[in-house]
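S.K.: Taking this note's numbering, the leading residue of the sequence shown gets 162, the next gets one more, and so forth.
Please see the structure below; I have some questions.
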Amino acid sequence: MKPETLFQPATPPFLINPHPKRLFREAIAQLPMNGIHTICEEAKCPNRGECLPRHGTISIMVMGSICTRGCPFCAVATGKPLPLDPEEPGKVVEIARALKVRYLVMTSPNRDELQDGGASQFTAIVAALREFNPDLRIEILVPDFQGKEESYGVLLRNPPDVVAHDLQTVPRLYHSIRPGADYERSLGLFRWFRRKADPSRVTLKAGLMVGFGETEGEVAEVLRDAAQAGVRFFTIGQYLKPPGSSLEVVEVVPLERYQRFTEAGKKLGLAVQASPLTRSSYLADRLAAENKRP
Ligand code: SF4
Numbered sequence: 162m163k164p165e166t167l168f169q170p171a172t173p174p175f176l177i178n179p180h181p182k183r184l185f186r187e188a189i190a191q192l193p194m195n196g197i198h199t200i201c202e203e204a205k206c207p208n209r210g211e212c213l214p215r216h217g218t219i220s221i222m223v224m225g226s227i228c229t230r231g232c233p234f235c236a237v238a239t240g241k242p243l244p245l246d247p248e249e250p251g252k253v254v255e256i257a258r259a260l261k262v263r264y265l266v267m268t269s270p271n272r273d274e275l276q277d278g279g280a281s282q283f284t285a286i287v288a289a290l291r292e293f294n295p296d297l298r299i300e301i302l303v304p305d306f307q308g309k310e311e312s313y314g315v316l317l318r319n320p321p322d323v324v325a326h327d328l329q330t331v332p333r334l335y336h337s338i339r340p341g342a343d344y345e346r347s348l349g350l351f352r353w354f355r356r357k358a359d360p361s362r363v364t365l366k367a368g369l370m371v372g373f374g375e376t377e378g379e380v381a382e383v384l385r386d387a388a389q390a391g392v393r394f395f396t397i398g399q400y401l402k403p404p405g406s407s408l409e410v411v412e413v414v415p416l417e418r419y420q421r422f423t424e425a426g427k428k429l430g431l432a433v434q435a436s437p438l439t440r441s442s443y444l445a446d447r448l449a450a451e452n453k454r455p
């Protein structure tokens, strides 16, 4: 055994969320999830003791748990997905009701095999949630729908409060970290919504993970591109290697850099949520509440 393998670096304290995770486990333990997964649990998110118990925020994955792409940073299985569940809107409503959710983030795996990439299922679920509780805040974290504008249009039939899309990394690293995606295509999604959506109803949100070896200047360029494309909310958090992933953490980004990201974003008119523990849905309720349009 090499000497260095005897010592594993300790997790820095700023990557530990102190809120007890049992609060989340207890909340969902008795709940029939009916095939709907939470990202909080599936991704073993470090914040799951905080978001639902303290803020009434949950992140769920609809349309199954099999993705048609295979990004190495992600723990979601790749393969042939199951058909869509027509009962899913009602099931999501039941989860929101049972957990007294106040801010619901809904995402899906890439469903590239579907004609509309799953857009009509998103919009059906949003409609059901609106009918159940018009005060519920709804954020949809969407795939790129392969750039199909018809799919974007379907999402606006029942507009959510926030349309989020993760840029994930800087364009230089797309080929290794986000194969199958395209930086310009993702920006194109935001530009389309900037032109077509009512900005008083729908806010655009983007996100990045850091720690892949990107430079600070590259992150600043992404912030600028996003702001120009119409994004208002931006999240930045540390990449943590999920179980089974082959993609290593290149760098644990120091705390002071997040402060600089936030300042750089502010100058561009972005409301930035940046910290080591930030995920796309982390403190999503607070980011939205503190940055309401006048
Ligand atoms: S950050 Fe998102 S995935 Fe993590 S616990 Fe909070 S809502 Fe769930």
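Quick reminder that beta carbons are idealized off the backbone N, C-alpha and C, glycines included.
Bear in mind the structure is a predicted one, so any value in this text is a computation, not a measurement.
Mapping the DSSP letters down to three states, classify Gln-276 as helix, strand or coil.
M.R.: In this structure, Gln-276 counts as coil in the three-state DSSP scheme.
S.K.: Check whether the stretch 283-291 and the stretch 179-196 touch, using three or more Cβ-Cβ pairs below 8 Å as the test.
M.R.: Not touching, per the Cβ criterion.
S.K.: So, Lys-366 versus Val-413, is the Cβ gap smaller than 8 Å?
M.R.: No; because the gap between Cβ atoms is not below 8 Å, this pair is not in contact.
S.K.: To which residues of the same chain is Arg-291 closer than 8 Å at the C-beta, ignoring the five residues directly before and after it?
M.R.: Here the set comprises Leu-297, Ile-299 and Asn-319.
S.K.: Tell me, please, which residues DSSP counts as bridged to His-198.
M.R.: DSSP output for His-198 lists Met-222 as bridge partner(s).
S.K.: Look at the alpha carbon of Met-267 and the alpha carbon of Ala-390, and state the distance between them as a whole number of angstroms.
M.R.: Cα to Cα, the separation comes out at about 22 Å.
S.K.: Taking the runs of the alpha helix (DSSP H) that are 4 residues or longer, which of them lie wholly in the stretch 346-380?
M.R.: Segments of the alpha helix (DSSP H) lying fully in the stretch 346-380: there are none.
S.K.: With a threshold of 6 Å on Cβ separation, who are the neighbours of Leu-243 within its own chain once the five nearest residues in sequence on each side are excluded?
M.R.: Correct list, in chain order: Gly-225.
S.K.: Could you spell out the range, first to last residue, of the alpha helix (DSSP H) harbouring Phe-422?
M.R.: Start and end: 416-428.
S.K.: Are there 16 or more other CB atoms within 10 angstroms of the CB of Asn-195, so buried, or fewer, so exposed?
M.R.: Under this definition Asn-195 is an exposed residue.
S.K.: Have a look at Asn-271 and Arg-230 and give me their C-alpha separation to the nearest angstrom.
M.R.: Going from the Cα of Asn-271 to the Cα of Arg-230 covers about 7 Å.
S.K.: So what's Pro-270 in DSSP terms, helix, strand or just coil?
M.R.: Here Pro-270 sits in coil by DSSP.
S.K.: Quick one: Cα of Pro-437 to Cα of Val-315, how far?
M.R.: Using only the alpha carbons, I get a separation of about 34 Å.
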